[in-house]
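Positions in the sequence shown are counted from 1; adding 482 to them yields our numbering. Positions of the beta carbon are idealized from the N, C-alpha and C atoms, including for glycine. Notes follow the structure.
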Amino acid sequence: MSAITMSFIRKIPLLLLLTSLSSNVLSESLTGSCDNIKEVKEIYKGASKNGLLCIDEIKNKNYDKALEICKIAGNKGDSWAQIHVGIIYQYGYGSTLKNDLEMAYWYEKAAKLNNPAGLTNMGVIYTLGLAGREPDKTEAIHWYNKARKAKHPRGIMNLGHLYQTGEEKDLVKAEELYLESAKLGYKPACKALQKLRARMHKHHNS
Numbered sequence: 483m484s485a486i487t488m489s490f491i492r493k494i495p496l497l498l499l500l501t502s503l504s505s506n507v508l509s510e511s512l513t514g515s516c517d518n519i520k521e522v523k524e525i526y527k528g529a530s531k532n533g534l535l536c537i538d539e540i541k542n543k544n545y546d547k548a549l550e551i552c553k554i555a556g557n558k559g560d561s562w563a564q565i566h567v568g569i570i571y572q573y574g575y576g577s578t579l580k581n582d583l584e585m586a587y588w589y590e591k592a593a594k595l596n597n598p599a600g601l602t603n604m605g606v607i608y609t610l611g612l613a614g615r616e617p618d619k620t621e622a623i624h625w626y627n628k629a630r631k632a633k634h635p636r637g638i639m640n641l642g643h644l645y646q647t648g649e650e651k652d653l654v655k656a657e658e659l660y661l662e663s664a665k666l667g668y669k670p671a672c673k674a675l676q677k678l679r680a681r682m683h684k685h686h687n688s
């Protein structure tokens, strides 16, 4: 895959596939910097031939052609092509209208193939109650836990957020999950961890 294609893939929303563990360890101090956390590397891994063609069409902003090719690859079991179809429907790229039902359909197909982004996206769907589904914390946690097993840092951070903001808060668990996500190289989790620790420190001293 070309460097240009890979650069473009890194800009696509919702695609955060962990490919290697960061060797850096998050500072345990309250004011530890996020600067030592490596960015999560993203890669379109295990793509079929049509899946790679799909990426090239997206790179060239030929979204309608990309949708056609991605659907072919997705229907043959390429989970990342399925994710791209979901993204096109989610944002309404090209002449495609936004369609939450189609978005959820393709994300769920990818999730059933244990695609890390698909697992996390299903968690988001149930967290927010998208695509005609009622918000369901239990179902969201189910998908986020699967994303955690797949070492998907955004899913791990989202799970931590549920523990931080839910009716039955567990800030210690939230801290654990933010730290886990940050150690995988996800800077938003590092920042969330810092804010949570600052809040816990303030509460402890009040």
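TODO: Kindly list the residues whose CB is nearer than 7 Å to the CB of N557, restricted to its own chain and excluding five residues on each side of it in sequence; keep chain order.
DONE: Same-chain partners within the cutoff: there are none.
Open item on the list: Please classify V567 as buried or exposed, where buried requires at least 16 other C-beta atoms within 10 Å of its C-beta.
Closed with: It counts as buried.
Task: Coarse secondary structure for K684, derived from DSSP in three states - done: K684 falls in the helix class under three-state DSSP.
- [ ] Pick helix, strand or coil for T647, following the three-state DSSP scheme.
- [x] Three-state DSSP puts T647 in a helix.
Task: A664 versus I540: straight-line alpha-carbon distance, rounded - done: Each residue's Cα considered, the two are about 30 Å apart.
TODO: Starting from H566, trace the alpha helix (DSSP H) both ways and give me its first and last residue.
DONE: In this chain, the alpha helix (DSSP H) harbouring H566 covers 561-573.
- [ ] Can you say whether R679 is buried or exposed, counting buried as having 16 or more other CB atoms within 10 angstroms of its CB?
- [x] So R679 ends up on the buried side.
TODO: Look at G600 and I565 and say whether their C-beta atoms are less than 9 Å apart.
DONE: If you check the CB distance, G600 and I565 come in under 9 Å.
Task: Integer Cβ distance of A656 from Y668, believed to fall under 8 Å - done: Rounded, the Cβ-Cβ distance is 15 Å, inconsistent with contact.
TODO: Could you pull out every residue in the same chain whose Cβ sits closer than 7 Å to the Cβ of Y660, ignoring the five residues on either side in sequence?
DONE: Around Y660, the same chain offers M639, G642, A671, A674, L675, L678 as residues with beta carbons nearer than 7 Å, after the five sequence neighbours per side are excluded.
Open item on the list: Does H686 pass the burial test, meaning 16 or more other C-beta atoms within 10 Å, or should it be called exposed?
Closed with: That one is exposed.
Open item on the list: Within a Cβ cutoff of 7 Å, which residues of the same chain sit near I554, ignoring the five residues on either side of it in sequence?
Closed with: Counting only Cβ-Cβ distances below 7 Å, and skipping sequence neighbours, we find N532.
Open item on the list: Taking its Cβ as the centre, do 16 or more other Cβ atoms sit within 10 Å of N596, making it buried, or is it exposed?
Closed with: Per the 10 Å Cβ criterion, exposed.
- [ ] Can you tell me which of L579, E616, G576, G559 puts its alpha carbon nearest to the alpha carbon of S589?
- [x] In the sequence on display, residue 589 carries Tyr and not Ser. Scanning L579, E616, G576, G559 for the CA closest to the CA of Y589 turns up G559.
Task: Exposure label - T620; buried when at least 16 CB within 10 Å - done: Result: exposed.
Open item on the list: Let's test the definition: count the other Cβ atoms within 10 Å of the Cβ of L508 and tell me whether it reaches 16, buried, or not, exposed.
Closed with: Low confidence applies to L508: its pLDDT is 32, below 50, so where it sits in the model is not reliable, and the reading given next is rough at best. When all chains shown are included, L508 counts as buried.
TODO: Kindly indicate which three-state DSSP category K631 falls into: helix, strand or coil?
DONE: If DSSP states are grouped into helix, strand and coil, K631 belongs with the helices.
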